[in-house]
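Enquirer: Handing you a structure now.
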Amino acid sequence: MSAPTFLEPWQLRAAFARSLSDMYGKEVPAYTTLLDVSHEVNADFVAQHGAEAERLGSIARVTAERHGAIRVGTPTEMSQVARIFGAMGMFPVGFYDLRDASSSAVPVISTAFRPIERAELARNPFRVFTSMLVTADRRFFTADLERRLESFLGARTLFGPELLALADRAEADGGLPENEAAEFLRLATEAFELSDEPVDQAWYRELEAVSAVAADIGGIASTHINHLTPRVLDIDDLYARMEARGITMIDAVQGPPRWAGPDVLLRQTSFRALAEPRTFRTADGEVVHDSLRVRFGEVEARGIALTREGRAAYDAAVVQIDEAAAAARVEDPGFTEAQRQELARDVWQQTFPTTETALADQGLGWFTYEVGPDGSGVAREPVVYEDFLPRSAAGIFQSNLTSDGAKDVSQEGTDRDADWMAGALGRALFDPFDLYADQVDRSLAGAAETLGVDPATLTTPNRTTGASR
1 MSAPTFLEPW QLRAAFARSL SDMYGKEVPA YTTLLDVSHE VNADFVAQHG AEAERLGSIA
61 RVTAERHGAI RVGTPTEMSQ VARIFGAMGM FPVGFYDLRD ASSSAVPVIS TAFRPIERAE
121 LARNPFRVFT SMLVTADRRF FTADLERRLE SFLGARTLFG PELLALADRA EADGGLPENE
181 AAEFLRLATE AFELSDEPVD QAWYRELEAV SAVAADIGGI ASTHINHLTP RVLDIDDLYA
241 RMEARGITMI DAVQGPPRWA GPDVLLRQTS FRALAEPRTF RTADGEVVHD SLRVRFGEVE
301 ARGIALTREG RAAYDAAVVQ IDEAAAAARV EDPGFTEAQR QELARDVWQQ TFPTTETALA
361 DQGLGWFTYE VGPDGSGVAR EPVVYEDFLP RSAAGIFQSN LTSDGAKDVS QEGTDRDADW
421 MAGALGRALF DPFDLYADQV DRSLAGAAET LGVDPATLTT PNRTTGASR
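The opening residue of the sequence shown carries number 1 in UniProt numbering; numbering runs sequentially from there.
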């Protein structure tokens, strides 16, 4: 009799991503449409561009790739999330403060749980962007509202003891036997389903007046997946195809503009949050039917990871684009999104080189170095950006809100940083730049050892065998 199958963390991760996707497709039918269109776009892109289409990941990886987004309310809930994702070989990477990244009231800080090893990313790169309320921030919450919100959040249980015990066992043992793995996946998926319990109407509306995001997190007794994002190879093509099917998209693609040079970082867009039926309990106990708009269909296109210098250039370009667009709107109130995109492309062309070779030679992008199959040269390959942009994330949130909420800018904000997040999680918070640098250093060391040369010589401009791009 054969021993029970044992599922390793990456297998749990891949199975959980599939389970969530199946669940979310049943709950949000437009998500299934998004997946269908994504597959169409990717298939057509590969047919048109051949092997070049897989330069930033195989089509098998891109097809399977998802990133989820969830929201929790307290450090305790955040640490429990870390345990669940830790069971799947996912680690907290990066600190994102969305409170000042948007003109709307988005009172959250975030991190992303994902694999950190190159081999693990290749197996399954599932990520979950996880946000937490900052209830002590007086720009959003009065002392009285903070007290009542903390009381509400402290009384709920998002993740049951059995789920957490299985998560801890999986993380400690490097996986779970098949039967326990199935139960872990069932409980984990259920934890992120949309609850059908009636929502306290007065409480939800009070929080919604401050922030729709705050209401979605602290106005109900459960959590849920807010979006589950596929990866697409041509996001502008997808945007057009979705609108052609009659699905309303947000106003723009967030992130870098479309241009003729190398794709860098991350571009994101989504269909607008849909009105989903929900039941509410009124102050007199009556259950009434209404709807909420909290879940949407996001899609992303990933490019080359930028170095710290490259990221600084990106951030400066964003400021320049914003300032130029603001000035243009003053002169022309009819200034359009299309005009803004053209302006962005002009700035981009002044900021970034038009080839991968120049991006590498100027130290703006991350690239790995691999010895060719004949051992005679080194190929330079771009490193995929695996992380997120707080401004883009906030832009997606803002584009799907029904109102800007209330933000009292006369009040002082509450300090939150990466160290604070690590303390809340009870585990190390990884810096994405360090992870990319380590990936590159390992590739250089391996290639240099094979060739018997100094690693520094492999990054000298024009010394690689890869064609200029």
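Note that beta-carbon positions come from the ideal geometry of N, C-alpha and C, so glycine has one too. Keep in mind it's a predicted model, so treat the numbers as computed, not measured.
1) Using a Cβ cut-off of 9 Å (strictly closer), state whether F184 contacts chain C.
2) For T111, write down the residues that DSSP places opposite it in a beta bridge.
3) Less than 9 Å between the beta carbons of L20 and G68, yes or no?
4) Looking at R272 and the ligand NAP, is the gap between the Cβ and the nearest heavy atom below 8 Å?
5) Skipping 5 residues on each side, what residues in its chain have a beta carbon closer than 7 Å to that of R416?
6) With respect to the alpha helix (DSSP H) encompassing F280, which residues constitute its N-terminal and C-terminal limits?
7) Are G175 and P9 close, meaning C-beta to C-beta below 9 Å?
8) Among the candidates L149, A43, L274, G255, whose CA atom is the shortest distance from the CA of V28?
9) Apply the 10 Å Cβ neighbour rule to E412 and answer buried if 16 or more other Cβ atoms are within range, or exposed otherwise.
10) List in chain order: all unbroken alpha helix (DSSP H) runs of 4+ residues lying wholly within the region 208 to 295.
11) Please name the residue, chosen from G255, E449, G375, that lies closest to Y385 on a Cα-to-Cα basis.
12) Judging by CA-CA distance, which residue of A244, E323, Q349, V318 is the nearest neighbour of G261?
13) Mapping DSSP to helix, strand and coil, what is V384?
14) Which partner residues does Y24 have in the DSSP bridge list?
15) Would R258 and Q341 be called neighbours here (beta carbons separated by less than 9 Å)?
16) Give the range of the alpha helix (DSSP H) segment to which T357 is assigned.
17) Here's the rule: buried if 16 or more other CB atoms are within 10 angstroms of the residue's CB, otherwise exposed. What is D290?
18) With distance defined between alpha-carbon atoms, name the residue in T269, I247, G218 nearest to H227.
19) Could you tell me which residues DSSP puts in a beta bridge with R340?
20) Between which residues of its own chain and D454 is the CB-CB distance below 7 Å, once the five residues before and five after are set aside?
21) Mapping DSSP to helix, strand and coil, what is P198?
22) Over what stretch of residues does the beta strand (DSSP E) that includes F159 continue unbroken?
23) Looking only at its chain, what residues have a beta carbon closer than 6 Å to the beta carbon of R127, apart from the 5 residues adjacent to it on each side?
24) So what's V41 in DSSP terms, helix, strand or just coil?
25) Are the region 158 to 172 and the region 77 to 88 touching by the rule of at least three beta carbon pairs closer than 8 Å?
26) Would you call the CB atoms of L153 and G73 closer than 9 Å?
27) Going by DSSP in three states, I70 sits in which element: helix, strand or coil?
28) Closest to S410 by C-alpha separation, out of F335, L458, R139, would be which residue?
29) With a Cβ-Cβ cutoff of 9 Å, do V37 and L238 count as a contact?
30) Give the secondary structure of V440 by DSSP, where H, G and I count as helix, E and B as strand, and everything else as coil.
31) What residue range does the alpha helix (DSSP H) around A188 cover?
32) To the nearest angstrom, report how far apart D251 and F271 are at their CA atoms.
33) Between which two residues does the alpha helix (DSSP H) containing A301 stretch?
34) Express the C-alpha separation of T368 and Q439 in angstroms, rounding to a whole number.
35) Using 8 Å for Cβ pairs, my map puts V288 next to F296. What's the rounded Cβ distance?
36) What is the rounded straight-line gap between the Cα of A181 and the Cα of A167?
Expert: The structure says:
1) No chain C appears in the structure shown, which is made up of a single protein chain.
2) T130
3) yes
4) By its list of ligands, the structure shown contains no ligand whatsoever, and the ligand NAP lies outside what it can speak to.
5) D97, I109, V134
6) Run containing F280: none in the alpha helix (DSSP H); it sits in the beta strand (DSSP E), 276 to 281.
7) yes
8) L274
9) exposed
10) 212 to 218, 235 to 244
11) G255
12) Q349
13) strand
14) DSSP, once it has assigned bridges, lists no residue as partnering Y24.
15) yes
16) 356 to 361
17) exposed
18) T269
19) Per DSSP, none; premise fails for R340.
20) A448
21) coil
22) It is not in any beta strand (DSSP E) - F159 carries neither H nor E in the DSSP assignment.
23) H67, A112, R114
24) helix
25) yes
26) yes
27) strand
28) R139
29) yes
30) helix
31) 178 to 191
32) 9 Å
33) No alpha helix (DSSP H) holds A301; the beta strand (DSSP E) holding it covers 297 to 302.
34) 7 Å
35) Between F296 and V288 the Cβ distance is about 24 Å, and since that is not below 8 Å, they are no contact.
36) 9 Å
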